[in-house]
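Numbering (this note's numbering), first residue to last: 18 to 308. Idealized CB from N, CA, C, for every residue including glycine. As the structure is a computational prediction, the values presented were derived from the model and not from experiment. Below you'll find the structure, written out as structure tokens, and then a few comments.
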Ligand code: PDD
């Protein structure tokens, strides 16, 4: 079956889905996006994603192209037309298309809306999930990384550097030596007291990950203490466990940071517990839907 993409009101074969060269996202990265996990044909944490999308639009002085209900309809249509039961749906909203000019006039622009969906398998055996390596890189992004914009060049370059070094991800590190987040996921450690530690949202120096939020809730339900505070690379190197979270990576154990092995070099117990809890939560959404 060939893939179908939504572009500005039309469902098209993926190979024929285009936006104009004068689209402001092409010229100025002037757009926002969401990536949402699909399980059992339903979106996981749909509400959280829609709230974050609305915030991204607001913070960038962009006008929502349609109601949330209509956007959800586009996403579910795209999921259905691609026959995705387990996978990802991608939604991008650009400010609109006009001859290249830094200055924009929202009243004269019609936002571009693009949606795609693809099938991706969930980890089948959380107990035996493999650990990954991350590298560290200076956080050289702009100051509004809390907004989910398509302006992702530093992220793309750091993640490519990671791949070239045989790593899965790169951890961004601020000028004081503290980890902010990864290029496309949030960063976590389990400290020597067994507490779950991740950077707080208040400084606006990380993306408010939807998986991050869900994992905090699941940890508390599992009586795991969560502390939202910054941690340094040095502390991470001596941590019991480390992991990352995102819609596309779920809860992924980290067993190596640069050249140092973390813990005993194997995925930690708490990380595996959280992955299992997250997958169970996601599967329950599918079951509720089927009921
Ligand atoms: N990335 N931090 C950054 C910089 C991200 O790009 C992402 C998501 C996250 C995790 O957010 P969430 O749990 O809501 O997926 C954190 C998506 C998956 C991407 O760009 O493909």
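- Proximity to residue 228 across 181, 64, 182, 96 peaks at 64, based on C-alpha coordinates.
- Unbroken beta strand (DSSP E) stretches of 3 residues or longer found wholly inside the stretch 166-207: 186-190, 196-199, 203-207, given in chain order.
- By the criterion of at least three beta-carbon pairs nearer than 8 Å, the stretch 124-137 is not in contact with the stretch 236-250.
- The three-state secondary structure of residue 248, taken from DSSP, is coil.
- The criterion of a C-beta distance shorter than 8 Å is satisfied by residue 59 and residue 303.
- By the C-beta criterion, the stretch 107-127 is judged to be in contact with the stretch 41-59, since at least 3 inter-stretch pairs fall below 8 Å.
- Within the same chain, Cβ atoms closer than 6 Å to the Cβ of residue 175 are found at 154, 187, 200, the five residues on either side in sequence being excluded.
- In the three-state reduction of the DSSP assignment, residue 18 falls in the coil class.
- Following the DSSP letters along the chain, one finds residue 211 in no beta strand (DSSP E), marked with neither H nor E.
- Beta bridge pairing from DSSP links residue 285 with no other residue.
- With contacts defined as CB atoms closer than 8 Å, residue 289 and residue 140 fail to qualify as a contacting pair.
- For the pair residue 42 and residue 254, the Cα-to-Cα distance works out to about 39 Å.
- The C-beta distance from residue 257 to residue 285 rounds to 6 Å, short enough to meet the 8 Å contact threshold.
- Taking C-beta separations shorter than 6 Å and ignoring five residues to either side along the sequence, the partners of residue 114 in its chain run 37, 39, 40, following chain order.
- In the structure shown, residue 111 adopts extended strand secondary structure according to DSSP, grouped into three states.
- Counted as a single uninterrupted DSSP element, the alpha helix (DSSP H) harbouring residue 68 occupies residues 63-76.
- For residue 226, the Cβ falls inside the 7 Å cut-off from some heavy atom of ligand 1.
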